[in-house]
Structure formats: structure tokens, C-alpha cells
Amino acid sequence: MSYHAEYTKSVENPEIFWAEKAADVPWYKQPQQILSKDENGIYRWFADGEMNTAYMALDYHVEQGRGEQLAVIYDSPVTDTRSKLTYREMRDQVALFAGVLKQQGVEKGDRVVIYMPMIPEALIAMYAVARLGAVHSVVFGGFAPHELAVRIEDAEPKVVISASCGIEVKKVIEYKPMLDEAIELSAHKPEACIIFQRPQVQARMIPGQDIDWQAAMEKAQPADCVPVKGTDPLYVLYTSGTTGKPKGVQRDNGGHAVALKYSMKAIYDMNPGEVFWAASDVGWVVGHSYIVYAPLLAGCTTVVYEGKPVRTPDAGAFWRVCADYGVKALFAAPTAFRAIKKEDAEALEFGKYDTSALKTIFMAGERLDPPTYDWTVAKTGKPVVDHWWQTETGWAICGNLMGIEPKPTKPGSSTLPIPGYNIQILDAEGQPLPRGEQGSIAIKLPLPPSCLATVWGDFERFRTGYLAEAPGYYTTGDGGYMDDEGYVFIMGRTDDVINVAGHRLSTGEMEEIVAAHPAVAECAVIGVNDPLKGQAPIGLVLLKDGVETEEEVLEKELVAMVRKEIGPIACFNRAIVVQRLPKTRSGKILRKLLRQIADGKEYTVPSTIDDPASLSEIEEIMNEQGLVTKA
Numbered sequence: 001m002s003y004h005a006e007y008t009k010s011v012e013n014p015e016i017f018w019a020e021k022a023a024d025v026p027w028y029k030q031p032q033q034i035l036s037k038d039e040n041g042i043y044r045w046f047a048d049g050e051m052n053t054a055y056m057a058l059d060y061h062v063e064q065g066r067g068e069q070l071a072v073i074y075d076s077p078v079t080d081t082r083s084k085l086t087y088r089e090m091r092d093q094v095a096l097f098a099g100v101l102k103q104q105g106v107e108k109g110d111r112v113v114i115y116m117p118m119i120p121e122a123l124i125a126m127y128a129v130a131r132l133g134a135v136h137s138v139v140f141g142g143f144a145p146h147e148l149a150v151r152i153e154d155a156e157p158k159v160v161i162s163a164s165c166g167i168e169v170k171k172v173i174e175y176k177p178m179l180d181e182a183i184e185l186s187a188h189k190p191e192a193c194i195i196f197q198r199p200q201v202q203a204r205m206i207p208g209q210d211i212d213w214q215a216a217m218e219k220a221q222p223a224d225c226v227p228v229k230g231t232d233p234l235y236v237l238y239t240s241g242t243t244g245k246p247k248g249v250q251r252d253n254g255g256h257a258v259a260l261k262y263s264m265k266a267i268y269d270m271n272p273g274e275v276f277w278a279a280s281d282v283g284w285v286v287g288h289s290y291i292v293y294a295p296l297l298a299g300c301t302t303v304v305y306e307g308k309p310v311r312t313p314d315a316g317a318f319w320r321v322c323a324d325y326g327v328k329a330l331f332a333a334p335t336a337f338r339a340i341k342k343e344d345a346e347a348l349e350f351g352k353y354d355t356s357a358l359k360t361i362f363m364a365g366e367r368l369d370p371p372t373y374d375w376t377v378a379k380t381g382k383p384v385v386d387h388w389w390q391t392e393t394g395w396a397i398c399g400n401l402m403g404i405e406p407k408p409t410k411p412g413s414s415t416l417p418i419p420g421y422n423i424q425i426l427d428a429e430g431q432p433l434p435r436g437e438q439g440s441i442a443i444k445l446p447l448p449p450s451c452l453a454t455v456w457g458d459f460e461r462f463r464t465g466y467l468a469e470a471p472g473y474y475t476t477g478d479g480g481y482m483d484d485e486g487y488v489f490i491m492g493r494t495d496d497v498i499n500v501a502g503h504r505l506s507t508g509e510m511e512e513i514v515a516a517h518p519a520v521a522e523c524a525v526i527g528v529n530d531p532l533k534g535q536a537p538i539g540l541v542l543l544k545d546g547v548e549t550e551e552e553v554l555e556k557e558l559v560a561m562v563r564k565e566i567g568p569i570a571c572f573n574r575a576i577v578v579q580r581l582p583k584t585r586s587g588k589i590l591r592k593l594l595r596q597i598a599d600g601k602e603y604t605v606p607s608t609i610d611d612p613a614s615l616s617e618i619e620e621i622m623n624e625q626g627l628v629t630k631a
């Protein structure tokens with residue numbers, strides 16, 4: 001089937017389309033009610049279907065004779081450890097750990113918070129919770145006690161699962177003291193904590209609260225899969241909220257399994273038995289969808305990587321993993337490739353490895369700037385697919401269907417809407433805009449399967465945050481446009497549009513131009529207050545390793561480039577070299593925080609920040625340069 005036929009069918013006859021896709025996963029009871037509305041008037045998928053996600057991803061494959069196939073490959077350069085689990089071994093470990101949880105009273109509908117590093121036990125814990133029909137909420141390992149406490153309070157877990165430590169490039173981070181502090185801070189107290197003791201640290205156990213993972217597994221009896229409805233929640237994943245209180249994105253079991261299974265072939269062109277690697281973390285949505293669930297739902301092998309794109313040990317780490325395991329599809333954030341490019345601009349490390357099995361490189365998680373796209377294509381010779389999605393959707397909104405009909409790519413575009421997503425570009429009044437005009441990107445309801453059903457425990461926040469701005473649509477919070485061929489260009493969050501002397505300009509477009517300079521590894525363009533023009537753009541620039549240039553000369557060149565591409569109207573006159581940019585752990589540059597610093601506003605350091613010291617450095621530079629002003 002062509003892309004056009006597949007997409008048209010999905011938006012014109014969504015119930016027929018998704019009924020066909022639902023028939024491709026093993027339900028206990030096939031759904032007859034494909035699309036319905038709940039008591040809040042929200043569209044829901046497969047409400048009367050009965051299933052279990054752990055059964056679909058593990059037991060089913062063992063029953064089909066795939067038990068000896070590899071399910072999970074664990075590769076940890078930070079501990080110099082490698083291991084593998086077959087589908088049968090994975091199913092048995094999950095069933096046993098589900099028995100451990102069952103002994104602690106965990107039942108269908110109970111919540112379990114998981115605070116783990118990138119080890120196979122994190123996947124085992126997630127699947128064991130799903131096996132019991134319970135709801136997991138994974139918190140990124142190493143999150144500060146306050147942030148963990150907020151999530152424990154909101155999810156109200158019966159049990160918390162953790163490990164003694166996580167391991168960064170050159171340091172060991174003890175999790176247990178942070179977990180103990182979080183429980184102390186939280187108004188909700190879990191009934192028990194199960195701790196996996198790693199060799200690097202033996203955590204101090206609290207009698208009456210803490211249970212040793214290994215000891216409990218030795219005594220446990222395997223637990224069977226508990227049937228759940230298609231609309232029962234599989235997990236809650238917290239994403240940062242504008243109010244400071246995190247939003248718990250609630251994901252249904254049924255739609256999640258159907259959409260992810262479909263996506264593995266349609267988007268990623270993956271077949272059973274092939275190796276898929278999402279170089280992310282289980283604490284993020286990419287980790288949930290494409291490390292833990294989708295590869296195993298599709299009968300593939302997934303890679304769990306405990307390391308970084310660089311310095312574990314070098315900029316060839318990604319290529320080494322691809323070569324060692326015959327990875328067919330690699331999925332990572334653009335920031336990972338920018339880090340590789342910064343340390344190995346000529347990609348000398350790439351040439352050291354046999355990456356012939358690698359067919360496609362996928363990027364998502366933030367906007368893929370054309371210079372990073374061009375560099376990766378040029379240096380690897382591999383197709384690079386930029387695709388766009390959100391924690392809220394759980395899978396891609398736009399992309400290139402490599403398993404159906406690959407389309408020519410356009411740098412700066414995440415290609416075409418994925419089947420199921422009826423994308424419209426809206427103006428400030430919520431009316432559709434013509435092709436080529438920038439506006440707010442929205443998705444016409446109903447959303448396809450796997451998208452959030454609500455915000456955990458707060459439907460009103462879901463309604464006002466996503467549905468109220470343009471009735472009949474889900475508003476994404478991202479801005480961009482669609483060209484004449486239907487290609488979607490994401491230009492950044494809608495608040496990344498600045499108003500310069502009455503002209504609305506995209507800082508994402510300026511970043512594209514600045515990042516194209518051969519000396520620039522990465523950059524952020526933000527709008528700062530200007531007494532004459534309202535706002536003016538400035539660039540914060542990170543140089544490639546080994547590049548030497550006079551900052552004044554570089555600034556003049558960058559100003560000239562922006563002037564040439566956008567025109568004097570951009571008023572881009574300042575570009576400042578910095579040593580590092582403040583980012584989240586998943587690699588997103590904290591542009592909103594940079595704007596708050598420039599505007600002289602009070603700001604809160606977010607829990608997701610990777611390197612808090614980078615903020616004070618930037619603030620100092622901005623003050624020195626006279627860039628901090630109050631509106």
C-alpha cells in the first residue's frame with residue numbers, strides 16, 4: 001500500500017483502519033468496540049477488548065516458538081558488563097518478579113513507582129507490573145529527592161522498586177539515600193521498597209520497609225498474567241508542567257500495544273528477529289515505547305545501553321554497539337549526534353566499525369537542525385529519518401514510513417503525518433491556515449491509539465491544557481508549517497516565536513542558519529527584551545572541539561549569514577560563544593530558562609537539568625555582556 005492510501009484510509013475511516021491493526025496483536029478477547037467515548041466525552045480505543053501487555057510482548061512469542069530468540073541485549077561500557085536474555089528467560093524473570101510484587105499485595109490497578117538505572121532489571125520490573133494489571137510510573141534514575149517525592153505523592157504507589165546505584169561516566173550515584181529522603185518528604189508512604197543491589201554499592205536497608213530483590217526472587221513463585229481492558233491504564237509517565245507540578249500522562253494498554261506494534265514495521269521497517277536500538281533511557285517516553293515495549297511486541301531484539309554517545313569511552317561508542325550486535329535501526333536524539341560531531345567532526349571513529357547491518361538512523365526528541373542532519377548523512381552514508389512526537393502521544397506524529405513507502409527527505413522537516421494523525425496548522429483564532437503559513441500545530445480529534453487518555457488524577461488539567469484552545473483539536477504546543485507537498489516543518493515551541501518590531505519570527509529558523517557555520521557545534525537563539533523593537537534575537541554558540549576563531553570575527557560572520565537568509569528584519573546582531581548550554585538529561589536545550597535569565601526574571605532550576613552549573617555560567621556571561629534586562 002502507498003503512503004497516500006494508508007494515510008487517507010486512517011483519517012477517513014479510522015475505525016476500520018485501527019480494527020485491522022488491532023487484529024495484528026494477540027488479545028484474549030478481540031475488541032468489537034473500536035472507538036467510543038468515555039464519561040468525560042473523550043475518544044477511547046478498544047474499550048471492550050481484553051488483554052495483557054506482558055503476555056503480548058513475551059508469553060505469546062514463547063508460545064509461537066520464538067522462546068530461544070534474543071529479546072534483550074544489555075551493554076554497559078560504564079561497568080564493562082554485557083549480558084543477553086532470550087524471550088523465554090525474559091518471560092520467566094518477569095513472571096517470577098511479578099510473584100515478588102504479588103507477595104507484597106500488588107493487584108490490578110495498583111501503582112508501582114520504578115526508580116532504576118539502565119539495567120535489564122528495569123525492564124523486568126516494568127513488565128512484571130504490567131503482568132499483574134498494575135500501573136507503573138517510572139522516574140528517571142537519579143532524580144532529586146524532592147522531584148521523586150512529588151511523583152510518589154501524585155501516583156500513590158503501593159510499592160517502589162529501585163536499585164542501590166546508577167553509574168554515570170566517572171561517578172557512582174547512590175539511589176537509596178535519595179529514595180529514603182523522597183519517602184520522608186512525601187505525604188504518601190509506600191508499603192514496601194524492593195531494592196536491586198548492584199556490585200558497585202550495597203545500599204543500607206531499612207528493616208520493615210526494604211526488601212532485597214535477589215533474595216525475594218529466590219523465594220518467589222511465578223505469577224500469571226492478569227487480563228485487563230483495552231482502556232485500563234498501563235502506565236503513568238510524568239512530564240514537566242507549566243505550573244511546576246508535573247503532569248502524569250496516562251497511557252491505555254490497548255491503544256498502546258496496537259499503535260506500537262504497527263509503528264515497528266510501518267515507520268522503522270523492523271521485522272521479527274531483527275535488532276532495534278533506541279539509545280535513550282527508560283525514564284523517558286522513548287525508553288518506554290522503543291526500548292521496553294515496541295521491539296518486544298514486534299518480536300524484535302532490543303538493546304539496553306548503559307553509557308553515553310561520547311566518553312564511554314569515545315565518540316565511536318554508538319558505532320561500536322551497532323557493529324557488535326548487528327543493529328538494523330538506531331534511534332537517538334539529535335543532541336547525541338551533535339556530541340559525536342563535536343568530538344569527532346571528521347567521523348574517523350565511524351570508519352573503524354562494520355555498520356553494514358545498520359539500515360536507517362532515526363532522530364527525535366527535539367528539533368533536528370539541518371546541519372546535524374547533513375553531517376550525519378554525509379559521514380555515515382545512512383538514511384537519516386527525522387520524526388516528531390511527544391511524551392503525550394507515545395509514538396510519532398510525523399515521520400517517514402520506511403516500512404511502507406519511504407519518501408524523499410527534506411532537511412528541517414519531519415516528513416509527513418503518520419497514519420492516524422490528522423494534522424492542521426491553526427491561526428490564533430483556531431482556524432486552519434493555508435499551506436506554507438506558520439501557525440500552531442494541532443491534531444484533529446480523534447487522536448489515534450496510544451495517545452494520552454487524560455492527565456493522571458486531573459481530567460480538568462488535561463482538558464484545559466490540550467483541548468480547550470481549539471475545540472475539536474488537540475493542540476501540541478509546537479509551531480510550524482506544512483509545505484505544498486504536505487511535509488511538516490516543526491519550528492519549535494509556540495513560545496519560541498519572537499516579535500521583532502511587529503514581525504513574528506521563528507528562533508528555530510535562525511538557529512538553523514547559525515548552526516550551519518562550520519565552526520559551530522550547537523547553538524540556541526532566544527529573544528531578549530529590546531526597548532525599541534520589543535524583542536531582539538541573540539545567539540548562544542558552542543564551538544566544535546579544536547576550532548580556534550576570534551569571537552568578534554565569528555559574530556560578524558553569523559550576523560551576515562542570518563541577514564542574508566532572513567534579511568535585516570531579523571535584527572540578529574549578537575552571537576556569544578559559551579562553553580556549554582543548559583540541557584535536560586534527554587538533551588533538550590532549556591530555552592525558556594535562558595529567556596527568563598535574559599529577562600531578569602526569577603526562575604526555578606528544573607529537576608530534569610543535566611548540569612545545573614551551566615545555568616550560572618550562562619547567567620554570568622549574559623550579565624557581563626549587558627544582555628540581562630527587565631521588561
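With UniProt numbering, letter number 483 in the sequence shown gets 483, and the count goes up by one each step, no holes.
Where a beta carbon is used, it is the ideal one built from N, C-alpha and C, also for glycine.
Quick caveat, the model's predicted, so the values are computed rather than measured.
Inter-residue spacing [alpha-carbon to alpha-carbon] between residue i and residue j
i, j, result
"W498", "D530", "In the sequence as presented, Trp is not what sits at residue 498; that position holds Ile. Near 11 Å, if we compare the C-alpha coordinates of D530 and I498."
"R311", "L96", "36 Å"
"E156", "V285", "21 Å"
"N52", "K176", "31 Å"
"K229", "Y466", "25 Å"
"L627", "R591", "15 Å"
"V236", "I119", "20 Å"
Cut-off 8 Å between Cβ atoms - residues of its own chain near residue i, not counting five sequence neighbours on either side
i, result
"Q200", "T79, S164, C165, I167 and V172"
"residue 637", "This structure cannot speak to residue 637, because the chain is shown only from 1 to 631."
Proximity winner among the options, relative to residue i (alpha-carbon distances)
i, options, result
"P190", "L101, R204, K170 and Q197", "L101"
"Q209", "V258, K556, K219 and K158", "K158"
"S413", "M491, G403 and M402", "M491"
"G141", "K29, H517, T372 and E306", "E306"
"S356", "G365, K342, T376 and K328", "K328"
"H136", "G254, V112 and E156", "V112"
"G534", "L505, T86, Q202 and R435", "L505"
"I161", "E343, D180, E366 and K9", "D180"
"A216", "A98, Y473, P406 and E460", "A98"
"Q250", "L581, G457 and Y474", "G457"
"E619", "N422, P371, Q596 and Y28", "Q596"
"G248", "C300, E460 and D484", "E460"
Residue i and residue j closer than 9 Å at C-beta
i, j, result
"I195", "I183", "no"
"E555", "A575", "yes"
"Q197", "W213", "yes"
"S263", "W395", "yes"
"T393", "L452", "yes"
"D224", "N253", "no"
"P227", "G133", "yes"
"V500", "V541", "no"
"P127", "A192", "What sits at residue 127 in the sequence shown is Tyr, not Pro. Taking 9 Å as the Cβ cut-off, Y127 and A192 do not qualify as a contacting pair."
"P309", "F350", "no"
"P334", "C300", "no"
"I397", "I425", "no"
"I441", "V488", "yes"
"E50", "Y74", "no"
Beta-carbon contacts of residue i that lie in its chain and below 7 Å, excluding the five residues immediately before and after
i, result
"R320", "Y353"
"V605", "P612 and L615"
"K407", "Y3, N400, T415 and L416"
"G326", "V275 and A357"
Contacting residues, own chain, Cβ-Cβ under 6 Å from residue i (five flanking each side not counted)
i, result
"L123", "V292"
"A347", "K379"
"V525", "T507, M510, E511, P537 and G539"
"A57", "L296 and L297"
"G255", "W45, P449 and S450"
"P26", "M56 and Y60"
"E15", "I34 and L35"
"P383", "T360"
"Q93", "I124"
"E121", "F196"
"G287", "S280 and D281"
Interface flag, residue i vs chain D, CB-CB below 9 Å
i, result
"Q625", "The structure shown contains no chain D; it holds only a single protein chain."
Assigned exposure category for residue i - 16 Cβ within 10 Å defines buried
i, result
"V553", "exposed"
"P417", "buried"
"P569", "The sequence shown places Ile at residue 569, not Pro. Its Cβ having fewer than 16 others within 10 Å, I569 is exposed."
"K601", "exposed"
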